[in-house]
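Trainee: Reminder that position 279 of the sequence shown reads as 479 in our numbering, one-by-one numbering, no gaps.
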Amino acid sequence: MAQAESLPQGFLSPVPRDAPWAVGPDGRRVSNWTLLREPMLIGRAEDAYVLIRDPSVSRRHAMLSWSGKNLVLAHISTVNPTLVNGVPVTDERELYSMDRLQFGGVHLEVLLWNAETDAETKPHAPPRALAVILAADVVGYTRAWQRDESGTRKLFARCEKLFREHAQAKRGRVLDTGEKGDCVYSLYHSIVDALDAAVAIQRELAALNEPIAHESRMHFRFGMHSGDVVFEGEGVRGDAINTAAHLQERAEAGELVVSARIRQEAEGVRGYRFEEVRELRPGRTAEVIGYRLVAGDDR
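Take a look at the structure:
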């Protein structure tokens, strides 16, 4: 019993929350399924715990179960695909909080928390989780847009594709930024994964810019922080996003500036090293406002 009580708990949420295909045992629409300790079948079968009434989903599509404290997804369907954060699953895959699942043409999100955090009330409140946010902003985007609207839009789309590819490779995902066309926010489960992705993105963006005329190149500045985020419907807000955005404003083109929390956990890992970023404020001595990434991962 003690082991069961120590299991993380959480729920699956349909995307969007009011999806007509998300059905409970009584046939009524549901906004989430609480994760149980016993195996949970996902599919169109009437005995499925996660009952999805959509023709693109198999009757017995996938199975969720716990392996110790880890939530594991097993793909079952021989016809329709299962994806986690856009990556196909052919057998089993360990899941993390905020993972996006796709079964056929429908989407769900995983939200986990520890059992001691009053799990019974969680499905009725905005879900909160600890995440690493990488914020990236285009330097001089407005000027570039005014000079060449079509070309700027196309180049930004190519850059955003790089962000998505590297986020997926590191178990993260790019967040929906709505109308802000010059920013990319991506979410990760670990600081090292986020840093690895950021460095790879910087490297590929430099290669992408190489054959482009200097005045048409697209340069990003980056900020990173780890902290709480809150999910409300399709939106995400919270300390990590706001702080990451603030840090990227302090970066120069091509630079990554991180918070003290990121530096503390990542210093020395894969050779990552940082230097202080200071800001002189009126009437005060220069204050440390962040840490610039200067080495690591074969930079």
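From the three backbone atoms N, C-alpha and C, an ideal C-beta is built for every residue, glycine too.
(1) Taking Cβ to Cβ, would you say serine 258 is nearer than 9 Å to threonine 278?
(2) Between the alpha carbons of threonine 317 and isoleucine 412, how many angstroms are there, rounded?
(3) Touching or not, the stretch 279 to 294 and the stretch 329 to 338, by the rule of three or more beta carbon pairs under 8 Å?
(4) For the beta strand (DSSP E) that contains valine 399, what are its first and last residues?
(5) Do you know how far the Cα of methionine 263 is from the Cα of glutamate 292?
(6) Near glycine 427, which residues of its chain fall below 6 Å by C-beta distance, leaving aside the five closest residues on each side in sequence?
(7) In its own chain, which residues sit with a C-beta less than 7 Å from the C-beta of valine 469, not counting the 5 before and 5 after it?
(8) Nearest to alanine 248 by alpha carbon, out of Glu365, Val223 and Thr342?
(9) How big is the Cα-Cα spacing for phenylalanine 303 and alanine 397?
(10) For asparagine 270, list the residues DSSP reports as bridge partners.
(11) Taking its Cβ as the centre, do 16 or more other Cβ atoms sit within 10 Å of glutamate 467, making it buried, or is it exposed?
(12) Using a 10 Å radius around the Cβ and a threshold of 16 neighbouring Cβ atoms, would you call valine 477 buried or exposed?
(13) When every heavy atom of the ligand FMN is checked, does at least one fall within less than 8 Å of the C-beta of leucine 408?
(14) Closer than 8 Å by C-beta to threonine 321: which residues in its own chain qualify, once you throw out the five before and the five after it? Chain order, please.
(15) Closest to valine 457 by C-alpha separation, out of Gln402, Val436, Pro220 and Met418, would be which residue?
(16) In this structure, how does DSSP classify tyrosine 491 when only helix, strand and coil are distinguished?
(17) Which of the three DSSP states, helix, strand or coil, is assigned to alanine 451?
(18) Does the Cβ of lysine 370 have 16 or more other Cβ atoms within 10 Å, making it buried, or fewer, making it exposed?
(19) Cutting at 6 Å between CB atoms, please list the residues of its own chain near arginine 437, excluding the five before and the five after it.
(20) How big is the Cα-Cα spacing for glutamine 209 and glutamate 349?
(21) Which of the three DSSP states is assigned to aspartate 439 in this structure?
Mentor: Taking the structure as given:
(1) Yes, the pair counts as a contact, with Cβ atoms nearer than the cut-off.
(2) Any answer about threonine 317 is weak, because its pLDDT of 46 lies below 50 and its placement is not dependable; what the coordinates show is given next. Cα atoms of threonine 317 and isoleucine 412: separation of roughly 51 Å, rounded to the nearest angstrom.
(3) No, because fewer than three Cβ pairs between the stretch 279 to 294 and the stretch 329 to 338 fall closer than 8 Å, the two stretches do not touch.
(4) Unbroken run through valine 399 is the alpha helix (DSSP H), 391 to 409; no beta strand (DSSP E).
(5) Taking the straight line joining both Cα atoms gives about 9 Å.
(6) Its chain contains Asp439 and Ala440 as the residues whose beta carbon lies nearer than 6 Å to that of glycine 427, once the 5 sequence neighbours on both sides are disregarded; these appear in chain order.
(7) Take valine 469, set aside five residues on each side of it, and the residues of its chain with a beta-carbon closer than 7 Å to its own are Val392, in chain order.
(8) The shortest C-alpha separation from alanine 248 is found at Val223.
(9) About 26 Å.
(10) In the DSSP output, where bridge partners are listed per residue, asparagine 270 has Ser267.
(11) With fewer than 16 other Cβ atoms within 10 Å, it is exposed.
(12) Taking a 10 Å sphere around the C-beta of valine 477, we find 16 or more other C-beta atoms and assign the residue as buried.
(13) No copy of the ligand FMN appears in this structure; indeed no ligand is present at all.
(14) The pLDDT assigned to threonine 321 is 42, lower than 50, so where the model puts this residue is not dependable, and the model offers no usable value.
(15) Comparing Cα positions, the closest option is Gln402.
(16) Tyrosine 491: strand per DSSP, three-state reduction.
(17) For alanine 451, the three-state secondary structure derived from DSSP is coil.
(18) With 16 or more Cβ atoms within 10 Å of its Cβ, lysine 370 is classed as buried.
(19) Only Val430 meet the Cβ criterion.
(20) Their Cα atoms are separated by approximately 47 Å.
(21) Here aspartate 439 sits in helix by DSSP.
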